[in-house]
Each structure stands twice: as C-alpha cells, then as structure tokens.
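J.:
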Amino acid sequence: MRSVVLERKDELRIRDLDPKESLGPTDVRIAIKTVGVCGSDVHYYTHGAIGPFVVREPMILGHEAAGIIEEVGSAVENLKVGDRVCMEPGIPDPNSRASRLGLYNLDPAVRFWATPPVHGVLRPSVVHPAAFTFKLPDNVSYAAGAMVEPLAVGFHAVSKARLTPGAIALVTGAGPIGMVTAIAALSAGCARVIVTDVVDEKLAVARKLGPAIVTVNVRSQDLKSIIARETEGWGVDVVFECSGAADVVADTVHHACPGGAIVFVGMPVKPVLFDVVIAQTKELRVEHVFRYAHVYPRIVALLGSNQINVDALITDTYAFEDSIEAFDYAVRPKPSSVKIQIELGT
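Per the numbering used here, the very first residue in the sequence shown carries number 282; after that it's consecutive.
1. Does the region 317–329 touch the region 341–356, meaning 3 or more C-beta pairs lie closer than 8 angstroms?
2. In the DSSP output, which residue or residues are listed as bridge partners for MET340?
3. Under DSSP, the beta strand (DSSP E) around PRO578 begins and ends at which residues?
4. Measure the C-alpha to C-alpha separation of GLY540 and GLU564 and round it to an integer number of angstroms.
5. On a Cα-Cα basis, can you pick out the residue from ILE494, LEU554, THR462, SER440 that is closest to GLU568?
6. Quick one: give me the first and last residue of the beta strand (DSSP E) that PHE545 is part of.
7. Can you tell me which of the three DSSP states GLN622 falls into?
8. At the level of alpha carbons, what is the spacing between SER506 and SER617?
9. Run the CB neighbour count on VAL557, radius 10 Å, all protein chains shown included, and call it buried at 16 or more, exposed below.
10. Between the C-alpha atoms of PRO418 and MET368, what's the straight-line distance to the nearest angstrom?
11. Counting only the same chain and skipping the five closest in sequence on each side, list residues whose C-beta sits under 7 angstroms from that of ILE580.
12. Per DSSP, which one or two residues make a beta bridge with PHE393?
13. Give me whichever residues DSSP pairs with ARG365 in a beta bridge.
14. Sorted by chain position, which residues of the same chain lie with C-beta nearer than 7 angstroms to GLU288's C-beta, five sequence neighbours on each side aside?
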C-alpha cells in the first residue's frame, strides 16, 4: 500500500510498503481518512531519533488519526463496518504490571504508532484493537477526530492537576500541546487560563479558544505582574509547563500559588534547573505527563456535545500526495500555524 515512509533521517518518500497486518478476532480494519502531523513525526524526520527510539529501518509516519471501519473481527460487538472512528495509537501489553495497575501508558512494552520500530498510519488502512478504537458522533468530522490524540495529552495533564471549577491556570507555550491543554483546562471549569508564548500569531489563535483566555507575550509583557493582577497577588492554582524551555521550567515555582501544582507536559531536550527549596516552602505538588490514559471516551463525548471545539487549531491541510510538502512545511511553519493535517480521503 502507498505510504509516507521515513527511509532515514532527512529522507521521506511516498511508496509502497505493506506492514502485512492480519485481522484478529478482537481487531478492526480501518480505512484512514485524516492524519495529523505531530512534532514527534517531524523530529524523526529531521533528527532520525527521539531519545532511545532510533529509526534503523524504513518506518511509516503518523499517529494522530481518524477513519472508517471496513472490517471487524469475529469477536467485536461494539463496532461495525461503516462506523467513523478515531484510534488511540498505543497498544499496551494487557498482562503487564503497569496495565494491571491502570497505568497502561507507562507499560515499557507498549507498541505506539510511528515510534521505532512500529509503523504509523499515513497509509490507506490499519488493523487496530477494537478496545482502542472509538466511534465518532455524527457531528464530529474526521479532522476533529484526528485531534483527539493531541487533545488526550492536554486532558491527561488536567487529570493529573486535579483542577477544580473556578481555578486559574497558567499554560506556558502556545504550540499545539499548549493549545489543547488550555482547551482541557477550560473544559474542567477554569475561570481563567493564562497562555504565554513569544509569537503574537500563536497567541492570536489562543484567544479564539474563548473569552476566559488571557494571553501574554513574555518578550514584551511582564508575566509576573499579569499573574499578580489576575490572582490578587496569590499566584495561579496550576502551572501547565508545555514549552520544554529551560528558563520557563525554572520559573514555574515562582508562578504557582502556595499549595498549588505544577504539571510538566513539555519535554526539555536536556536536564533543567528546578528550585526544590522554593517548591518545598510553597508545598507545591509536582506532576508529570507521559502521553495519556483513560481519556479518549471523555474527549469524544465532549466533541460530540459541542462542549469543546478544535476548528481554530487546524490551520493547514494537505492532500496525501502532498505529504512530503506538508512535512517540509512543518519543519519551518508560518508563525500562525498550529496543527497540520493530511487528508487521505473524505
């Protein structure tokens, strides 16, 4: 099947590559319709590796996806041919200790699409467990369905934060993950969400997420004074650090209120400084996010009820035949770009 294949660092091709997947009794076969381009896909393209995950042989990219079921296994009862679906891309070992504890995203044996050596889904079809395949409501498009995967990161972060209605949150970094974390924080009942970045165009997109969004360009505005204004000098209830920037990470302890929380979502490229003593004197709770778990059904339900909307985040759409152009654009996107998607069919 024709697929978007990362041959090696800096070399992408659209060519035939068939992973030869067989349909098991608890699996479904899905015709792929829309795939989002993730920062990890781009990183594999430009660097050939992310930490210990190294591209050693050709790999199909893509893990943010939605499609339509074209075949079901003999034991599948909750899905049928013709159902429009989105898919959770990580398949854990159900018998692992992490999975048995409910922490399946932390299973060391998890097979995650487009993470070497596992193929991704920029191809016509994929076989996937029905247990990790979720039916989309009729009013949710394939494009929005493909956004459930990045949304899952934000919703997992909000779950870790233990937000309560009326809280004030800070989201540092207005990239795709910062944006979906802001959406998740709003859906959890935040009275205000302060979003920071250094690019005005991205902050303009963030403001489209709702009237409770307060944007701050930290190059031209004083974040500490704005936090003091918005919180009566107390500090924010939760800091969602989504930038991965070392200096931003170091400042998180100053922005959180006493008894507040910091949730680390972004991944720094190297070890960073963190002032433990300040965190201790405020008794800050510190949480970390790795992918997500147990959030897909809630996100699909919220999209179906129109409680959340991701249309403003889908800024660039390419046809499948233009996939290489899409990835090259993703390496150096316009400042206003947030989420790039590739359509394989309608």
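Even glycine gets a Cβ: it sits at the ideal position worked out from N, Cα and C.
T.: Reading off the structure:
1. Judged by Cβ distances under 8 angstroms, the region 341–356 makes contact with the region 317–329, as three or more pairs qualify.
2. Here residue 340 refers to the residue found at position 59 when the sequence shown is read from its first residue. DSSP, once it has assigned bridges, lists LEU287 as partnering MET340.
3. If you number the sequence shown from 1, residue 578 lands on position 297. From DSSP, PRO578 is part of no beta strand (DSSP E) but of the alpha helix (DSSP H) over 577–585.
4. One-based indexing of the sequence shown puts residue 540 at position 259. One-based indexing of the sequence shown puts residue 564 at position 283. Rounded to whole angstroms, the gap between the alpha carbons of GLY540 and GLU564 is 5 angstroms.
5. Within the sequence shown, residue 568 is the residue found at index 287, counting from 1. Among ILE494, LEU554, THR462, SER440, the Cα nearest to that of GLU568 is on SER440.
6. Within the sequence shown, residue 545 is the residue found at index 264, counting from 1. Looking at the DSSP string, the run of the beta strand (DSSP E) that includes PHE545 is 537–545.
7. Your numbering for residue 622 matches position 341 in the sequence shown. Here GLN622 sits in strand by DSSP.
8. One-based indexing of the sequence shown puts residue 506 at position 225. One-based indexing of the sequence shown puts residue 617 at position 336. Rounded to the nearest whole angstrom, the CA to CA distance from SER506 to SER617 is 26 angstroms.
9. Residue mapping note: residue 557 aligns to position 276 of the sequence shown, counting from 1. VAL557 is exposed by the Cβ-count criterion.
10. Numbered from 1 along the sequence shown, position 137 holds the residue referred to as residue 418. Numbered from 1 along the sequence shown, position 87 holds the residue referred to as residue 368. One C-alpha to the other measures close to 14 angstroms.
11. As a first step, residue 580 is located in the sequence shown; it is residue number 299 there, counting from the start. Beyond the five residues adjoining it in sequence on each side, ILE580 comes within less than 7 angstroms, by CB distance, of VAL429, LEU432, ALA433, PHE436 in the same chain, given in chain order.
12. Along the sequence shown, read from residue 1 onward, the residue named residue 393 stands at position 112. Per DSSP, GLY371.
13. Indexing the sequence shown from 1 puts residue 365 at position 84. In the DSSP secondary-structure assignment, ARG365 is bridged to ILE349.
14. To locate residue 288, count along the sequence shown from 1; it is residue 7. Within the same chain, ARG294, PRO339 come within 7 angstroms of GLU288 by CB-CB distance, once the 5 residues on both sides are set aside.
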